[in-house]
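Using my numbering, you'd call the opening residue of the sequence shown number 1 and step up by one each time.
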Amino acid sequence: MLDREGFRPNVGIILLNARNQVFWGKRLRTHSWQFPQGGIKHGETPEQAMFRELHEEVGLLPEQVRILARTRDWLRYEVPEHYIRRDARGHYRGQKQIWFLLRLMGRDSDMNLRATDHPEFDAWRWNEYWVPLDVVIEFKRDVYQMALTELARFLPRPNHHNRYLRSGMRPHRQEEGAQRSALSLDGGVPPAATTSE
């Protein structure tokens, strides 16, 4: 299903864990990493397509995530001609996407890359939100940058006081003020951390 300009409607998914790290999947039998994404079928809303793709590619169910935001408009990227099937050339130009920002409410162990008979990914990892995009195939990098930038303002603010409450200590007033300053400078994004699975 293409629009008049040759773009296929599609959804992209930025999935966050509790530390505001994002899910990256490694495409089957390749060295390229990407966010979950997929086409919108005839009669589906973008949200319905997002939940279907989330289950097909990552194995998560709607109750295991919470929608935090979505892009206001379609974000487009063109696919280089040598990636387009010969019979589609001249008609198909690329993808137009609605991007969703989701919070994982379940556990890492809820992920299942083999939820369907046609897996998209063979590995996954958490990366910091602003990880360099050089692992993404070149023609998708601009749209990833646009989606991450537009949705960054909806990132949940981490609660920096939890470490004191767990230890039974109360933060000192001066330290509280310093933490507020840091939040305003770095946007509340936690320091870089990467884990793999």
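Ideal Cβ positions, reconstructed from N, Cα and C, are used throughout, including at glycine.
Using the three-state DSSP reduction, which class does Ala-147 fall into: helix, strand or coil?
Three-state DSSP puts Ala-147 in a helix.
Contact set for Lys-206: own chain, Cβ-Cβ below 7 Å, skip 5 residues either direction
A query on residue 206 cannot be resolved here, the shown segment of the chain reaching from 1 to 197 and no further.
Kindly indicate the opening and closing residues of the beta strand (DSSP E) around Arg-66.
65–70 is the span of the beta strand (DSSP E), which, as asked, contains Arg-66.
Please check the pair Leu-28 and Leu-104, which I expect to be a contact at CB under 8 Å, by giving their CB distance rounded to whole angstroms.
About 22 Å separates the two Cβ atoms, so there is no contact after all.
Measuring alpha carbon to alpha carbon, tell me which residue in Gly-25, Pro-46, Arg-19, Ala-18 is nearest Arg-8.
The candidate whose alpha carbon is nearest that of Arg-8 is Pro-46.
In terms of DSSP beta bridges, what is Val-136 paired with?
Listed as beta-bridge partners of Val-136 by DSSP are no residues whatsoever.
Can the beta-carbon of Ile-13 be found closer than 8 Å to that of Gln-37?
In this structure, Ile-13 sits near Gln-37, with a CB-CB distance shorter than 8 Å.
Note down, in chain order, each residue of its chain lying with its Cβ closer than 6 Å to the Cβ of Ala-69, except the 5 sequence neighbours on either side.
Within the same chain, and ignoring the five residues on either side of Ala-69 in sequence, the residues whose Cβ sits closer than 6 Å to its Cβ are Leu-101, Leu-151, Phe-154.
Based on the DSSP output, what are the partners of Gln-97 in its beta bridges?
Its beta-bridge partners are Asn-10, Leu-75.
Enclosing alpha helix (DSSP H) for Val-58 [first to last residue]:
The continuous alpha helix (DSSP H) containing Val-58 extends over residues 46–58.
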